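**Q**
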Amino acid sequence: MSLSVIVCGIVVILVLVSGIAFALYKAGFIVDKIKAKLPMVEMEASRKKAAANDRPADLQAGPKIRQSAQEGGVITESGITVPADSAVDVNQQAKGQKSKIDDSPIKLT
4 MSLSVIVCGI VVILVLVSGI AFALYKAGFI VDKIKAKLPM VEMEASRKKA AANDRPADLQ
64 AGPKIRQSAQ EGGVITESGI TVPADSAVDV NQQAKGQKSK IDDSPIKLT
């Protein structure tokens, strides 16, 4: 067998393994442990599985609502109503000269 046939075979195997790994990733599978065994050495790497409450704070906050009037912009009669027990981040800002938010209350129900 020639060297080019061996190299082509290795490339085909790598492409197949990469394709299968990508398909599994897209299906929702994640890797938490990798183990490699060589004739003289055995290696293992792992990572901690993330629990539901280990998510970053910005993902836990839920919906984010922002209203902003800048450089003379005006927001009028655009109130926001949210349930009082919901995880929501509401922000209204008026920046710059003559910018204002008028008759736009935030109501917790």
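Its first residue numbered 4, the sequence shown is counted upward by one per residue in this note's numbering.
Backbone N, C-alpha and C fix where the C-beta goes; we use that ideal spot for every residue, glycine too.
Given the structure is predicted, the values throughout are model-derived calculations rather than measurements.
1) Need the endpoints of the alpha helix (DSSP H) that serine 5 sits in, please.
2) In the structure shown, what three-state DSSP assignment does isoleucine 104 receive?
3) Check alanine 39 in the structure and name its three-state DSSP category.
4) Going by C-alpha distance, which of Thr112, Gln96 and Asp106 is nearest glycine 75?
5) Out of Tyr28, Lys110, Ser71 and Lys101, point me to the one whose CA is closest to glycine 82's CA.
6) For lysine 29, which residues does DSSP report across the bridge?
7) Compute the Euclidean distance between the alpha carbons of alanine 87 and leucine 17, then round it to the nearest angstrom.
**A** This is what the structure holds:
1) Segment: none, serine 5 is in no alpha helix (DSSP H) and carries neither H nor E.
2) strand
3) strand
4) Gln96
5) Lys110
6) DSSP, once it has assigned bridges, lists no residue as partnering lysine 29.
7) 54 Å
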